[in-house]
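Colleague: Per the numbering used here, the very first residue in the sequence shown carries number 8; after that it's consecutive. Each residue gets a CB set at the ideal place from its N, CA and C atoms; glycine is no exception.
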Amino acid sequence: PLQQMCARAGRAAPPILGLPSAPTARADSAFTPDRALSNGELLTLIGKGLDGEITHTLQVVHTPGHAANHVCLLLVEDGLLFSGDHILNGSTTIINPPDGNMADYLDALDRLDALCAEHGVAFILPAHGHVLGEARAAIAQLKGHRLAREAKVIAAMQQLPEGTVEQWVELAYADVPPRMWPLAQRSLIAHVERIRAMEPGND
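Structure representation (structure tokens):
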């Protein structure tokens, strides 16, 4: 849409920045930016306000988990975190292997929490849903929810050691409407991969 707006206004379209898709990405979600970003990179935005020139800085934060090339952006001067699909309001994002990875997702949550503490971030602006206040509390709640779900997955695997993904979903996501189970299977597989990776001998 921004590219089209610029074209209609007769202005040059800005470059599309981001991280290129990993080889694990689905073909229909492949993405190649005009320029690849780097984790920790600072992007300076300069504009004009009523009192003169205004400068804002966006810090790039690589947050794999939902997708291998996912990034969040920290608006440094204002202490705002643009969380994309990593942190949503009203739902949890799907972690869909192989491009999605639950261990990476949880690690990225910890890094975002540390970033919020360092920069005094109070609000998170997700790609879907309303603005989240009390940023660090929101992150802690989300991580707690993920780990509680993982505990249910572990219990399902212990109850049915030879069970199928479909059977485990029925147990681990019993509190979720059955119509959501096909989507939940994707995140369950991501939990199973993390659980098995943490087993002794899989260092």
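Out of 70, 112, 170, state which residue places its alpha-carbon closest to the alpha-carbon of residue 152.
Modeller: Ranking the options by Cα distance to residue 152, first place goes to 112.
Colleague: Alpha carbon to alpha carbon, how far is residue 140 from residue 129? Give it in angstroms, no decimals.
Modeller: So the alpha carbons of these two residues sit roughly 6 Å apart.
Colleague: Check whether the Cβ of residue 80 lies closer than 8 Å to any Cβ atom in chain C.
Modeller: Note that chain C does not occur in the displayed structure, where there is just one protein chain.
Colleague: My output table needs one value for residue 42: the three-state DSSP class, helix, strand or coil.
Modeller: Three-state result, residue 42: strand.
Colleague: Can you give the Cα-Cα distance for residue 142 and residue 118, rounded to whole angstroms?
Modeller: Between residue 142 and residue 118, the C-alpha separation is close to 13 Å.
Colleague: Relative to the C-alpha of residue 100, which candidate in 162, 192, 205, 208 has its C-alpha closest?
Modeller: Residue 192 is the option with its Cα nearest to residue 100.
Colleague: How about residue 51: is its Cβ closer than 7 Å to a heavy atom in the ligand MN?
Modeller: Absent from the structure shown: the ligand MN. Ligands present: none.
Colleague: When DSSP builds the beta bridges, which residues end up paired with residue 79?
Modeller: In DSSP, residue 79 forms a bridge with 68.
Colleague: Whole angstroms are fine: how far does the CA of residue 109 sit from the CA of residue 91?
Modeller: For residue 91 and residue 109, the distance between alpha carbons rounds to 17 Å.
Colleague: Between 13, 190, 206, which lies nearest to residue 103 when the distance is taken from Cα to Cα?
Modeller: Of 13, 190, 206, the residue nearest in Cα terms is 190.
Colleague: If residue 32 and residue 114 are in contact, beta carbons under 8 Å, what's the gap, nearest whole angstrom?
Modeller: The Cβ separation is near 19 Å, so there is no contact.
Colleague: Nearest-angstrom Cα distance between residue 162 and residue 75?
Modeller: Their Cα atoms are separated by approximately 28 Å.
Colleague: Contact defined as beta carbons within less than 8 Å: I believe residue 64 pairs with residue 93. What is the distance between those atoms, to the nearest angstrom?
Modeller: About 20 Å separates the two Cβ atoms, so there is no contact after all.
Colleague: Report yes if the CB atom of residue 169 is closer than 8 Å to the CB atom of residue 198, and no otherwise.
Modeller: It is not a contact, given that the beta carbons lie outside the stated cut-off.
Colleague: Identify the continuous alpha helix (DSSP H) that holds residue 151 and give its terminal residues.
Modeller: Taken as a continuous stretch (DSSP letters only), the alpha helix (DSSP H) holding residue 151 covers 142-166.
Colleague: I need the boundaries of the beta strand (DSSP E) containing residue 90, first residue and last residue.
Modeller: It spans 87-91 - the beta strand (DSSP E) in which residue 90 sits, taken as one unbroken run.
Colleague: Kindly list the residues whose CB is nearer than 7 Å to the CB of residue 174, restricted to its own chain and excluding five residues on each side of it in sequence; keep chain order.
Modeller: Within the same chain, residue 174 has close Cβ partners 167.
Colleague: For residue 23 and residue 207, what's the separation of their Cα atoms in angstroms?
Modeller: About 44 Å.
Colleague: Let's test the definition: count the other Cβ atoms within 10 Å of the Cβ of residue 54 and tell me whether it reaches 16, buried, or not, exposed.
Modeller: Burial call: exposed.
Colleague: To test your reading of the DSSP string, which unbroken beta strand (DSSP E) runs of 3 or more residues are found completely within the segment 105-140?
Modeller: List check, beta strand (DSSP E) in window: 130-133.
Colleague: Can you tell me which of the three DSSP states residue 101 falls into?
Modeller: Residue state, collapsed to three classes: coil.
Colleague: Which residues in the same chain have their Cβ closer than 7 Å to the Cβ of residue 51, if we skip the five residues on either side of it in sequence?
Modeller: Excluding sequence neighbours, residue 51 sits near 62, 64.
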